[in-house]
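Asks: Structure in structure tokens, see below.
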Amino acid sequence: MRLGVRGKVFVAFLGLAVVVGLAGGLYLDRELGRLEESEQQHELLRHARSARAAAHALDAARGAGQRAANPEIDALADQLGASTNSRITFIDDHGTVIADSALTAEGLLHEENHSHRPEVIAAMSGREDVVTRFSTTVGKDLLYGAVPWPERHGVVRAAMALDSGQDVLAHQRRLLLLAAAFGLFVAVLMSALISHLAASALGTLVTNARAVLSGGQRRMPVSSEDELGHIAGSLNRLADERSQTIEALVKERDRLNAVLNGVTDGLVALDAGNRIEIVNPAAVQLLGLSESPEGKTLVEAVRAPELIELIERNRDASASAEIALGDPARHLLVRIAPLRATTGGSVLVLHDVTDLRTMELMRRDLVANVSHELRTPVSIIRANAETLLDGGALEDPAQARAFIQAMYRHAERLSNLLSDLLDLARIEGGAYPLCLENIPLRQAVQRAVDTLQRTAKNKSVSVQVVVDAELAAYADNQALDQVLVNLLDNAIKYSFDGGSVDITAVREKEQVRIAISDDGPGIQERHRARVFERFYRVDAGRSRALGGTGLGLSIVKHLVGLMHGAVGVDPVEPHGSTFWVTLPVATQPERSASNHRAA
Ligand code: ADP
């Protein structure tokens, strides 16, 4: 059985009380016995001395030199024996018993000589002595106290049954037992009280400590200055330190989370087994991870053998490498740093370089395309110039004119190319200022038609315009002109001779939709989405022959985008294309007043 504090304190106190009580009782009992014995011895000697004094007085009463007769002394012995409740014996110098309170005169005659009795020997030699011995005369243990009787050179002896003092002793023992029983009862009560007080104080301390440790209570009440009060104080200090530590840890965690959430680079901390310990939102997005990948291994979370291999190869050293993930490929610059300070593992920093790589690719493509576009006109101009400089062609004006006309055409193509490239560079570089305003569409379309009237006429292409006079778009005048001229130019350019082009503009909810349809050869579906890319041509030879740069539709797309619109191409049955542009409609008068410039 397990004892609680209350039980232990109770048993300890009770045990202590019983042990102390028992030891005290035994000691007291022994001391009382001794006291009683010594008291009895003194009493005996006192009786013997009194008897001696009485005998002396008897002798003195006889006059000088006279002695009391033995029967007189025997009568004295009987009298004294009765009054002191003891046996009084007078012994002469030969050891003969001359008077004895326990013997009759007859008995005296048969009493043996006492000269060999130890107390008698001691008293004969002048010493008082007390001995215990079995008396054959009275048949029990007697205590004998003998004193010298100098008048007769004999001995006066007093004897008493040994058990006569035992009654007193037994009575005292009974009192002692009663006191011990009472003491035990008090000890039980006190032990119960003390154990109760100690246990309840400890119980309160334990309950409060539990409440503080579980967080239900902030501090423990300190109600006393004793050891329990000190324990409560110490626990309070511990609780304070604990809450300070928790506060510091929470702050640290919040700071770390703020950093992790704030950085645009991906951060992943892996343990020695490549399990994800910490991951920030940027890494979740870059690696295409599930919402909470913590605890999973990287192999489970990401399908990227390249990344795993990179980590495996660089367990102990920092390294960086670029990897491509997913489709379409996302290019990531991965830096790995091993975590030597802790239990191993590593930290990955992921930097998205997809845009950088795309830009590089575009720049390379642009340089290649521009070089390609420049090469033909420049070499034709150069060849024609050389031919003319050689002199032969110059002599023939008709031939010279043909050469110079070719040079002019190609120079114009170069000029168009440079102008388109510059436009694109300005638009993409944010250097094409827009002034958005309400623009009546019928006038804008008419301006484009007027600009290309000659071109249309040269190809006998008829242009029909159906635009509501009230319709207006919220756009930039110059940009809209450039868009319409480009689209109409293409429509005329790619129409068959004698073809027709229709320009319509209608309102569709909050937008206007301008459509330019031709009945030319049309554009196959696989080319349709790509014709808005830079330098993309369905038929490069035909485009070049027609003076095209391959940049017109790309410029259109950029400009429409700047004006918050959209552009597209649909086929026309049985042949032909419809290029359409949507722009925000401008109907509210206040919008026309609020011009703004956008890059
Ligand atoms: P280009 O200067 O070559 O005309 P664009 O960017 O204006 O360049 O057009 C890209 C390509 O789209 C052209 O080369 C041509 O093949 C095709 N295209 C454009 N407009 C039309 C059209 N109306 N009909 C048929 N094809 C067209």
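FYI, the numbering for the sequence shown is 205 to 803, going by my numbering. Backbone N, C-alpha and C fix where the C-beta goes; we use that ideal spot for every residue, glycine too. Since we're looking at a predicted model, the values are computed, not measured.
(1) On the CB-based measure, 16 or more other CB atoms within 10 Å of its CB, does Val764 come out buried or exposed?
(2) Does the ligand ADP have even one heavy atom less than 6 angstroms from the beta-carbon of Leu757?
(3) Going by beta carbon distance, what residues of the same chain come within less than 8 angstroms of Ser704, once the five residues before and after it are set aside?
(4) I'd like the span of the alpha helix (DSSP H) that includes Tyr231, first residue to last.
(5) With burial defined as no fewer than 16 other Cβ atoms inside 10 Å of the residue's Cβ, what is the status of Glu247: buried or exposed?
(6) Report yes or no: do three or more beta-carbon pairs, one from the segment 667-685 and one from the segment 628-646, lie closer than 8 angstroms?
(7) Which first and last residues belong to the alpha helix (DSSP H) in which Gly582 is found?
(8) Taking the alpha-carbon of Arg748 as reference, which of Pro581, Met611, Thr655, His779 has the nearest alpha-carbon?
(9) Looking at the secondary structure, which residues open and close the beta strand (DSSP E) in which Glu641 lies?
(10) Hey, is the segment 645-663 in contact with the segment 612-621, meaning 3+ C-beta pairs nearer than 8 angstroms?
(11) Could you pull the start and end residues of the beta strand (DSSP E) that Ile631 belongs to?
(12) Could you have a look at Ala790 and say whether DSSP puts it in helix, strand or coil?
(13) According to DSSP, is Phe783 helix, strand or coil?
(14) Along the chain, where does the alpha helix (DSSP H) that runs through Met364 open and close?
(15) In angstroms with no decimal places, state the Cα-to-Cα distance between Asp834 and Leu220.
(16) Where do the N-terminal and C-terminal ends of the beta strand (DSSP E) with Arg331 fall, by residue?
(17) By the DSSP assignment, the beta strand (DSSP E) with Ser522 in it spans what residues?
(18) Given a cut-off of 7 angstroms on the beta-carbon distance, is the pair Val789 and Val742 in contact?
(19) Note down, in chain order, each residue of its chain lying with its Cβ closer than 8 angstroms to the Cβ of Leu346, except the 5 sequence neighbours on either side.
(20) Go to Thr449, then tell me how far its alpha helix (DSSP H) extends in each direction, as first and last residue.
(21) Enumerate in chain order the residues of its own chain whose CB-to-CB distance from Pro322 is below 6 angstroms, with the five nearest sequence positions on each side excluded.
(22) Is any non-hydrogen atom of the ligand ADP found closer than 6 angstroms to the C-beta of Ser753, if you look at the structure I gave you?
(23) Can you find the residues in the same chain that come closer than 8 angstroms, C-beta to C-beta, to Ala744, ignoring five residues on each side of it along the sequence?
(24) Taking just the CA atoms, how far does Asn694 sit from Gly751?
(25) Helix, strand or coil, according to DSSP, for Thr293 in the structure here?
(26) Does Ser550 come within less than 7 angstroms of chain D when only Cβ atoms are used?
(27) From Arg605, His375, Ala572, His768, pick the residue whose C-alpha is nearest to that of Ala589; which is it?
(28) What I want to know is whether the C-beta of Arg741 ends up closer than 6 angstroms to one or more non-hydrogen atoms of the ligand ADP.
(29) Check the DSSP bridge columns for Val771 and list the partner residues they point to.
(30) Is the segment 234-244 touching the segment 266-280, taking contact as three or more C-beta pairs under 8 angstroms?
(31) Ordered along the chain, which non-local residues of its own chain (more than five positions away) have a Cβ less than 8 angstroms from that of Val372?
(32) When you compare each of Ile450, Arg423, Glu445, Ile482 to Leu460 by their alpha carbons, which one comes out closest?
(33) Helix, strand or coil, according to DSSP, for Ala306 in the structure here?
(34) Just tell me which of Lys761, Ala436, Ser428 has its CA closest to the CA of Gln421.
(35) Going by DSSP, what residues sit across from Gln715 in a beta bridge?
Replies: Reading from the atomic positions:
(1) Residue numbering aside, residue 764 sits at position 560 when the sequence shown is read from its first letter. Buried: at least 16 other Cβ atoms inside 10 Å.
(2) Working through the sequence shown from its first residue, we reach residue 757 at position 553. Correct: Leu757 has its Cβ closer than 6 angstroms to the ligand ADP.
(3) The residue given as residue 704 occupies position 500 in the sequence shown. So the list reads Val665, Ser666, Val667, Gln668, Asp722, Asp723, once near-sequence residues are dropped.
(4) The residue labelled residue 231 in the question sits at position 27 within the sequence shown. Residues 209-265.
(5) Taking the sequence shown and counting its residues from 1, one reaches residue 247 at position 43. Glu247 comes out buried.
(6) The segment 667-685 is in contact with the segment 628-646.
(7) Position 378 of the sequence shown, counted from the first residue, corresponds to residue 582. Residue identity check: residue 582 is Val in the sequence provided, not Gly. First-last of the alpha helix (DSSP H) with Val582: 558-594.
(8) Working through the sequence shown from its first residue, we reach residue 748 at position 544. Sorting Pro581, Met611, Thr655, His779 by C-alpha distance to the C-alpha of Arg748 places Pro581 at the top.
(9) Position 437 of the sequence shown holds residue 641. Counted as a single uninterrupted DSSP element, the beta strand (DSSP E) harbouring Glu641 occupies residues 640-644.
(10) Short answer: they don't touch.
(11) Within the sequence shown, residue 631 is the residue found at index 427, counting from 1. Unbroken run through Ile631 is the alpha helix (DSSP H), 601-632; no beta strand (DSSP E).
(12) Taking the sequence shown and counting its residues from 1, one reaches residue 790 at position 586. Correct three-state label for Ala790: coil.
(13) The count along the sequence shown starts at 1 and reaches residue 783 at position 579. Strand at Phe783.
(14) Taking the first residue of the sequence shown as position 1, residue 364 is located at position 160. Per DSSP, Met364 belongs to no alpha helix (DSSP H); it is in the beta strand (DSSP E), 358-365.
(15) Given a span of 205 to 803 for the chain in the structure shown, any question on residue 834 remains unanswerable.
(16) The sequence position of residue 331 within the sequence shown is 127, counting from 1. Premise fails: Arg331 is in no beta strand (DSSP E) and is neither H nor E.
(17) Numbered from 1 along the sequence shown, position 318 holds the residue referred to as residue 522. Looking at the DSSP string, Ser522 is not in any beta strand (DSSP E), and its letter there is neither H nor E.
(18) Walking along the sequence shown from the start, residue 789 turns up at place 585. Walking along the sequence shown from the start, residue 742 turns up at place 538. Not in contact: Val789 and Val742 (Cβ atoms no closer than 7 angstroms).
(19) To locate residue 346, count along the sequence shown from 1; it is residue 142. Its chain contains Arg291, Thr336, Arg337, Phe338, Ser339, Ala363, Met364, Ala365, Leu366 as the residues whose beta carbon lies nearer than 8 angstroms to that of Leu346, once the 5 sequence neighbours on both sides are disregarded; these appear in chain order.
(20) By 1-based counting over the sequence shown, the position of residue 449 is 245. Following the DSSP letters along the chain, one finds Thr449 inside the alpha helix (DSSP H) bounded by residues 431-466.
(21) What you label residue 322 is simply residue 118 of the sequence shown in a count that begins at 1. Excluding the 5 residues flanking it on each side, Pro322 has same chain C-beta neighbours closer than 6 angstroms at Val335, in chain order.
(22) What you label residue 753 is simply residue 549 of the sequence shown in a count that begins at 1. Residue identity differs from the one stated: residue 753 is Thr in this sequence, not Ser. Yes, the beta carbon of Thr753 sits closer than 6 angstroms to at least one heavy atom of the ligand ADP.
(23) For the purposes of this step, residue 744 is taken as residue 540 along the sequence shown, with counting starting at 1. Gly754.
(24) As a first step, residue 751 is located in the sequence shown; it is residue number 547 there, counting from the start. As a first step, residue 694 is located in the sequence shown; it is residue number 490 there, counting from the start. In a straight line, the C-alpha of Gly751 is about 11 angstroms away from that of Asn694.
(25) The sequence position of residue 293 within the sequence shown is 89, counting from 1. Note: Thr293 maps to strand in three-state DSSP.
(26) Going by chain labels, chain D is absent from the structure shown, which holds only one protein chain.
(27) Position 385 of the sequence shown, counted from the first residue, corresponds to residue 589. Taking the Cα of Ala589 as reference, the smallest distance to any Cα among Arg605, His375, Ala572, His768 is reached at Arg605.
(28) In the sequence shown, the residue the question calls residue 741 occupies position 537. For the ligand ADP, at least one heavy atom lies less than 6 angstroms from the Cβ of Arg741.
(29) For the purposes of this step, residue 771 is taken as the residue at position 567 of the sequence shown. Val785.
(30) Flag = no, the segment 234-244 and the segment 266-280 do not touch.
(31) Looking up residue 372 in the sequence shown gives position 168. If we look at Val372 and ignore the five residues flanking it on each side, its Cβ neighbours are Glu240.
(32) As a first step, residue 460 must be located in the sequence shown, where it is residue number 256. Of the candidates Ile450, Arg423, Glu445, Ile482, the one whose C-alpha sits nearest the C-alpha of Leu460 is Ile482.
(33) As a first step, residue 306 must be located in the sequence shown, where it is residue number 102. Ala306 falls in the coil class under three-state DSSP.
(34) Residue numbering aside, residue 421 sits at position 217 when the sequence shown is read from its first letter. Closest option to Gln421, Cα to Cα, is Ala436.
(35) The residue labelled residue 715 in the question sits at position 511 within the sequence shown. Under the DSSP definition of a beta bridge, Gln715 partners with Glu712, Pro788.
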